[in-house]
Amino acid sequence: MKGHYRKKSKKALQVACLSACLVTAWAAPNYADGGSVFPVPEPASIAFAAVGVAAAVLVHKKKSRKR
Amino acid sequence: MVRLSVCLIARNEEQNLPRALKSIGGIADEVIVTDTGSTDATADIASQFGAQVHHFPWCDDFSAARNFTLGQARGRWALWLDADEELLPVSDEELTRSLESDQVLAYNVIRQDLVRSDRLDLYAQMWQLRLFRLDPDLRFRGRCHPQFFPPVHETAKGKGLSVGTSTITLRHDGYVPAVLRSKLERGLRLLELELHDRPGQFYYLVEYGRTLLALENDERGWAVVAEAAEQLVPVLNHRTPFSSMIAPLLECLLQLPEDRLPPGITMNTLLDLSERWFPRAAPLLWIRAKREFDNGSFEEAEGVLRLLLEMGRAHSYDRSVSFNPAIIGDDALLNLGACLLRQGKMDEAERCFKGLLKSDTRGSEARSNLDATGRLRRDFGVRRTRPKAKHG
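So the protein sequences, as listed, match chains A and B. FYI, the numbering for the first sequence is 314 to 380, going by our numbering. FYI, the numbering for the second sequence is 1251 to 1642, going by our numbering.
If you want it as structure tokens, here you go:
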């Protein structure tokens, strides 16, 4: 009975975490306070990131999981 | 011999100019200031700082004014500076290294874009092609946001030279909200003229669409964005992007619902291109994090936000793509805390929120989230995990 209660309580906590009233900040990435647009230079000379770097996020995620 | 000419154009810049000219005092062999029609003390101030002042009638064309200025300079090298920028102290060693190379035609230098004049620590770094040989083959084109034309890497290749990077750093505060709207409005008119002169240019189409959207002209803005996106369709399978301006175009398109995307482009295509072509572009990663968060994939969102924060600490993001530095700083940390709490990782979430309590941008939001976390702890009797004692 005690175990069952704990299980239920854990589930309820998960639900509460998912529905807790939190403030987030997801403004558009290029729009600062005044609605800014940042001009992007055209550095044709800068080598575009190698395709291999595309794995950056994946590698990071794997690392995160290991932690 | 004149080694380095610092060149700038200015109109009614009496407020900014002293800072800009003071910053280059120690390194410039000559300073060329072109006044494009000031009605204030701009020209006098430039003279007081020892600059050669020239006058050029404004003709709605920044490149024309810049090219005129370059024509007045006598140095072997030019450093282009805008009036709302300043050069940060640069080591003689770095400057000498840059100017004495006989292999390099031009250098990308670092520019720190501030979003608040009072927060010198809050910026994103961008590459800017500003240090270059005074060569008649290097000239600008474009009524606004001047670009070298022909592209500098082509000119360099033709001369058997390269384009390098330098740690010389400029600080720029031209994007602070107080000056932004008028800049956007002026830019809009020049972009229209530029596209009238040379229709269909990808760079300027994207910039025009973004400016319209920023000025809340949504209908026209999205039409222009769609026009630019048409140029993307034939190159979707390419290994590398033909322009760094594709990144801001992807930013715009990723914010549209699937059914409003231009023909030939799907949401999956956009996400794929973002990852393949701009894996370290902070704004695209930010949009991806938001999508994951909105879809309830909090672990995925957490991974992307951690990456953004790491990139922010090391300034290891893609410096050809501009963005609001909050997305690699306080906003990312606040959202990371939210992702962690959604996963029930209360201790880690609290660490994020506590780290923001002193933030002047997100401190109150962090406090609110910390309170919410505290309530959950009380309601469910969850204790804080004590850090494990270290042995040995």
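Even glycine gets a Cβ: it sits at the ideal position worked out from N, Cα and C.
For residue i: DSSP bridge partner residues
| i | result |
| --- | --- |
| L1557 of chain B | Note: L1557 of chain B sits in no beta bridge, so no partner. |
| E1336 of chain B | B:R1421 |
| N1358 of chain B | B:L1379, B:T1415 |
| C1309 of chain B | Looking at the DSSP assignment, C1309 of chain B forms no beta bridge with any residue, so it has no partner. |
| F1398 of chain B | B:F1390 |
| D1285 of chain B | B:A1260, B:H1305 |
| S1255 of chain B | B:E1280, B:A1328 |
| Y1373 of chain B | B:L1364 |
Beta-carbon gap between residue i and residue j smaller than 9 Å
| i | j | result |
| --- | --- | --- |
| A1622 of chain B | L1584 of chain B | no |
| A1293 of chain B | H1305 of chain B | yes |
| L1320 of chain B | Y1357 of chain B | no |
| Q1302 of chain B | V1281 of chain B | yes |
| D1290 of chain B | N1262 of chain B | yes |
| G1459 of chain B | V1475 of chain B | yes |
| L1606 of chain B | E1615 of chain B | yes |
| R1393 of chain B | L1465 of chain B | no |
| N1574 of chain B | A1374 of chain B | yes |
| G1325 of chain B | S1416 of chain B | no |
Buried or exposed (CB count within 10 angstroms, at least 16 for buried), residue i
| i | result |
| --- | --- |
| R1569 of chain B | buried |
| D1334 of chain B | buried |
| M1376 of chain B | buried |
| V1252 of chain B | exposed |
| G1437 of chain B | buried |
| E1525 of chain B | buried |
| H1488 of chain B | exposed |
| T1516 of chain B | exposed |
| R1530 of chain B | buried |
| Q1353 of chain B | exposed |
| H1395 of chain B | buried |
| N1545 of chain B | exposed |
| R1226 of chain B | Outside the displayed range of chain B (1251 to 1642) lies residue 1226 of chain B, so it cannot be described from this structure. |
| T1490 of chain B | exposed |
| Q1265 of chain B | exposed |
| H1403 of chain B | buried |
| Q1378 of chain B | buried |
is_contact[residue i, chain A] using C-beta, thresh 9 Å
| i | result |
| --- | --- |
| L1584 of chain B | yes |
| L1626 of chain B | yes |
| S1618 of chain B | yes |
| S1313 of chain B | no |
| L1591 of chain B | yes |
| E1600 of chain B | no |
| F1306 of chain B | no |
| V1485 of chain B | no |
| A1588 of chain B | yes |
| W1472 of chain B | no |
| I1282 of chain B | no |
| S1547 of chain B | no |
| S1367 of chain B | no |
| E1435 of chain B | no |
| G1594 of chain B | yes |
| N1262 of chain B | no |
| L1419 of chain B | Reading the sequence as shown, one finds Thr at residue 1419 of chain B and not Leu. T1419 of chain B does not count as touching chain A. |
| N1574 of chain B | yes |
| F1246 of chain B | Residue 1246 of chain B is absent from the structure shown; chain B starts at 1251 and stops at 1642. |
9 Å Cβ cutoff, residue i in contact with chain B
| i | result |
| --- | --- |
| A367 of chain A | Its pLDDT being 39, under 50, A367 of chain A is placed unreliably in this model, and the value from its coordinates should be taken loosely. It does; some Cβ of chain B falls within 9 Å. |
| S358 of chain A | In this prediction, S358 of chain A scores a pLDDT of 46, lower than 50, which makes its location untrustworthy; the coordinate-derived value is nonetheless stated afterwards. Chain B contact via Cβ: present. |
Task: Residues, ordered as in the chain, of the region 325-340 of chain A that lie near chain B by beta-carbon distance below 8 Å - done: A325, L326, Q327, A329, C330, L331, A333, C334, L335, V336, T337, A338, W339, A340
Open item on the list: So if I threshold CB-CB distances at 9 Å, which residues from the region 1518-1550 of chain B count as touching chain A?
Closed with: E1525, R1526, W1527, F1528, P1529, R1530, A1531, A1532, P1533, L1534, L1535, W1536, I1537, R1538, A1539, K1540, F1543, D1544, G1546, F1548, E1549, E1550
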